[in-house]
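*Asks:*
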Amino acid sequence: MPVDIELYKNILKETSEKGARMVAVSKTKPASDILELYHAGQKDFGENYVQELAAKQQQMPPDIRWHFIGHLQSNKVKHIASFVHLIHSVDNIRLLKEIDKQAAKNNRIIDCLLQVYIATEETKYGLSEKELEEIIADITKNPGDYQHICIRGVMGMASFTADTTLIRKEMKYLKELYSRYAGIHTPGCRFSVLSMGMSADYKIAIEEGSNLVRIGSLLFGKREYAV
Ligand SMILES: *Cc1c(COP(=O)(O)O)cnc(C)c1O
6 MPVDIELYKN ILKETSEKGA RMVAVSKTKP ASDILELYHA GQKDFGENYV QELAAKQQQM
66 PPDIRWHFIG HLQSNKVKHI ASFVHLIHSV DNIRLLKEID KQAAKNNRII DCLLQVYIAT
126 EETKYGLSEK ELEEIIADIT KNPGDYQHIC IRGVMGMASF TADTTLIRKE MKYLKELYSR
186 YAGIHTPGCR FSVLSMGMSA DYKIAIEEGS NLVRIGSLLF GKREYAV
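The sequence shown begins at 6 in our numbering and counts up by one.
1) Output the boundary residues of the alpha helix (DSSP H) element that contains E4.
2) If contacts are defined as beta-carbon pairs under 8 Å, then I211 and E175 qualify, I think. What distance do you get, rounded to the angstrom?
3) Regarding M203 and ligand 1, is the C-beta to nearest heavy atom distance less than 8 Å?
4) Return the chain-ordered ranges of every beta strand (DSSP E) run that is complete within the stretch 27-88 and spans a minimum of 3 residues.
5) Given a cut-off of 9 Å on the beta-carbon distance, is the pair Q62 and F88 in contact?
6) Could you check which residue in D206, G214, N97, N112 has the C-alpha nearest to that of Y178?
7) Can you list, in chain order, the residues of its chain whose CB lies under 6 Å from that of M160, leaving out five sequence neighbours each side?
8) Where D38 and F225 are concerned, what is the direct C-alpha to C-alpha distance, given to the nearest angstrom?
9) So what's G149 in DSSP terms, helix, strand or just coil?
10) Rounded to the nearest angstrom, what separates A29 and G149 at their Cα positions?
11) When the distance is taken between beta carbons, is V198 closer than 9 Å to L2?
12) Between which two residues does the beta strand (DSSP E) holding D116 run?
13) For ligand 1, any of its heavy atoms closer than 8 Å to the Cβ of H90?
14) If H90 sits next to R70, beta carbons under 8 Å apart, how far is it from one beta carbon to the other, in whole angstroms?
15) Looking at the structure shown, is S94 part of a helix, part of a strand, or coil, going by DSSP?
16) Ignore the nearest five residues each way along the sequence and tell me which others in K23's own chain have a CB closer than 6 Å to its CB.
17) Find the nearest neighbour of D168 within the set Y151, D206, S133, I140, judged by alpha-carbon distance.
Below, the structure written as structure tokens:
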């Protein structure tokens, strides 16, 4: 299906005027769709599956910044470590240590976001407030163990619901956690990314302080299979 470039430009204008970066979520979508947006100027793309991402990265222009936004298993980090731009979905210490190890092997520093569980649904991944606190405490206490990662901020997904009051409440909570840790940083690594908002709720997310929205179906149309 052709991508609506006018719509893309309108959303880009809207989000960038409000200070938010936009990641185009291209999971399940073909290379041709990605290239249409790429040629319209989009450089940031988000994917959920390691194999799909690794395959697309090989075929696509090298200046695309690939964001990994799905659930990541430690044993798969090695497949994306050489090129991934930002991993949004770090939800445990073991995974973070594996990212550090694979980044070291590739002689790079990998930017990461800590994914926080903010929804009321049981199906979403992420750290609790307490786990977030523990993971940040560990990084702060043992910086030597994390020389090849940089924690850039937090990511969250609000409940999938028409109840905008609930969405807003969950987003306010993530913003509060983000602000709590906005002071932490290791040299050369700024904690400055609040990744929240998708097709259905990006407007609310920006109102609540998001500076990175992840938009899929609004740009590319409905996905063939649910994820
Ligand atoms: C699929 C996905 C998106 C994009 O969802 P849309 O509703 O299609 O915009 C954003 N973030 C994550 C983590 C996703 O898995």
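Each residue gets a CB set at the ideal place from its N, CA and C atoms; glycine is no exception.
*Replies:* On the basis of the coordinates in this document:
1) Absent from the model: residue 4. The displayed extent of the chain is 6 to 232, so no value can be given.
2) Actually they are not in contact, since the Cβ atoms of I211 and E175 sit about 15 Å apart, beyond 8 Å.
3) yes
4) 49-52, 70-73
5) yes
6) G214
7) H93, L118, Q120, S200
8) 7 Å
9) helix
10) 34 Å
11) Summary: the structure shown does not reach residue 2, with the chain confined to residues 6 through 232, and so no result is reported for it.
12) 115-121
13) no
14) 4 Å
15) strand
16) I211
17) D206
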